[in-house]
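Heads up: the structure comes next, in structure tokens.
2 protein chains.
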Amino acid sequence: MGNVKSGEALDPGLACPIAPVVDIVFSRWTTPILWTLHEYGRQRFVELQRRIASITPKVLTQRLRQLERDGLVVRTYHPEVPPRVEYEISELGRSLAPLFATLAEWSAVNLEKVERSRRAYDDGET
Amino acid sequence: MGNVKSGEALDPGLACPIAPVVDIVFSRWTTPILWTLHEYGRQRFVELQRRIASITPKVLTQRLRQLERDGLVVRTYHPEVPPRVEYEISELGRSLAPLFATLAEWSAVNLEKVERSRRAYDDGET
DNA sequence: CAGGATCCTGTACGATACTG
DNA sequence: CAGTATCGTACAGGATCCTG
Numbered sequence: 001m002g003n004v005k006s007g008e009a010l011d012p013g014l015a016c017p018i019a020p021v022v023d024i025v026f027s028r029w030t031t032p033i034l035w036t037l038h039e040y041g042r043q044r045f046v047e048l049q050r051r052i053a054s055i056t057p058k059v060l061t062q063r064l065r066q067l068e069r070d071g072l073v074v075r076t077y078h079p080e081v082p083p084r085v086e087y088e089i090s091e092l093g094r095s096l097a098p099l100f101a102t103l104a105e106w107s108a109v110n111l112e113k114v115e116r117s118r119r120a121y122d123d124g125e126t
Numbered sequence: 001m002g003n004v005k006s007g008e009a010l011d012p013g014l015a016c017p018i019a020p021v022v023d024i025v026f027s028r029w030t031t032p033i034l035w036t037l038h039e040y041g042r043q044r045f046v047e048l049q050r051r052i053a054s055i056t057p058k059v060l061t062q063r064l065r066q067l068e069r070d071g072l073v074v075r076t077y078h079p080e081v082p083p084r085v086e087y088e089i090s091e092l093g094r095s096l097a098p099l100f101a102t103l104a105e106w107s108a109v110n111l112e113k114v115e116r117s118r119r120a121y122d123d124g125e126t
């Protein structure tokens with residue numbers, strides 16, 4: 001931290017050392033997918049789709065591919081008829097558990113404060 | 001955790017208990033802004049703009065308003081000529097520090113693994 | 001079943017002015 | 001200085017249909 005020359009302008013990714021990991025872990029749909037995979041274990045494409053009701057197959061595929069590429073999810077293809085594909089969290093993906101726990105904890109303590117702040121702000125702006 | 005009826009389909013926000021807080025804390029530009037505010041303390045609009053070089057004033061304003069509404073940032077307007085506005089992290093915003101630290105730690109340990117996984121994946125797909 | 005292909009739309013964001 | 005206003009666009013994501 002603080003290894004930045006004073007007065008230097010920064011790129012979005014460089015202005016903040018955690019930006020890269022935020023892109024990886026918190027890009028759209030990744031948390032619901034990882035969470036579902038963590039909660040229900042190894043499962044097939046349709047199961048994921050059913051559990052994350054509002055996601056379309058196209059987007060689910062895109063995000064699963066991205067997570068597979070990043071090594072957070074493992075895809076297993078069974079060449080049968082009909083084809084069967086199973087997804088599960090990788091070791092690396094599982095290493096995010098404490099992070100998610102910290103997040104859940106912060107949420108439990110502070111989410112209500114955020115909501116109150118929003119209501120106060122919206123009242124004042126009327 | 002696990003307080004979900006079996007077989008139930010879930011909304012994106014409901015499929016994952018941390019989804020709401022992810023929207024609040026990790027929506028676009030919020031981490032660079034919070035990080036810069038945390039690193040350099042209370043500062044004016046232009047300073048923020050200079051430090052997060054690639055952000056436009058319009059978007060910076062939008063995101064600052066959102067963060068103010070959520071109670072993570074405090075905006076102080078000084079009715080002078082020329083006008084002076086200062087932004088700083090709120091108490092609530094500061095409470096995110098351990099979370100960011102956990103994230104930085106995970107990044108330090110695992111970012112390289114993600115990059116290696118990507119290279120391996122891209123090699124295989126050629 | 002697990003997706004690919006195609007088409008379409010919303011909106012988040014950038015660029016470029018302009019004001020109190 | 002600290003924004004707003006306006007315009008234009010690129011791309012994420014939805015809807016629908018199709019296939020190995």
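One line per chain: the protein sequences are A and B, in this order.
Take the first sequence: its letter number 28 is residue 28 in the UniProt record's numbering, and every next letter is one higher.
Take the second sequence: its letter number 112 is residue 112 in the UniProt record's numbering, and every next letter is one higher.
All residues carry an ideal CB built from backbone N, CA and C; glycine is no exception.
Runs of the beta strand (DSSP E) lying entirely within the segment 15-85 of chain B, each at least 3 residues long, are 73-78 in chain order. Contact with chain A is absent for P79 (chain B), since none of that chain's Cβ atoms lies less than 9 Å from the residue's Cβ. For T31 (chain A), the C-beta contacts it makes with chain B under 7 Å involve C16, I18, A19 and V22, in order along the chain. In this model, I55 (chain A) and Q49 (chain A) are separated by some 7 Å (Cα to Cα).
Comparing C-alpha distances from D122 (chain B) to each of A:G71, A:V21 and A:F26 shows the shortest one belongs to A:G71. At a C-beta separation below 9 Å, A104 (chain A) has these neighbours in chain B: M1, P17, I18 and V21.
Within the DSSP secondary-structure output, E88 (chain A) pairs in a beta bridge with A:V74. The residue from B:L37, B:W29 and B:C16 with its alpha-carbon nearest to that of E88 (chain B) is B:L37. Taking 9 Å as the threshold, the shortest C-beta distance from P98 (chain A) to chain B falls below it. In the DSSP assignment, S107 (chain A) falls within the unbroken alpha helix (DSSP H) covering A97 to E125. With distances taken between CA atoms, P98 (chain B) lies nearest to A:A104 out of A:P32, A:R116 and A:A104.
Here the C-alpha atom of C16 (chain A) lies approximately 20 Å from the C-alpha atom of R65 (chain B). Using beta-carbon distances, T36 (chain B) counts as an interface residue toward chain A, with a partner under 9 Å.
Residue-level contact check: E88 (chain B) does not touch chain A, since none of the beta carbons of chain A fall below 9 Å from its beta carbon. Within chain B, no residue has its CB atom less than 7 Å from the CB of R42 (chain A), the nearest being about 17 Å off. Looking at the backbone, the Cα of L92 (chain A) and that of N110 (chain B) are separated by about 8 Å. Out of A:R44, A:R51, A:Q62 and A:F100, the CA that lies nearest to the CA of T76 (chain A) is found in A:R44. Taking the Cβ atoms as the reference, S95 (chain A) lies roughly 13 Å from V73 (chain A), outside the contact range of under 8 Å.
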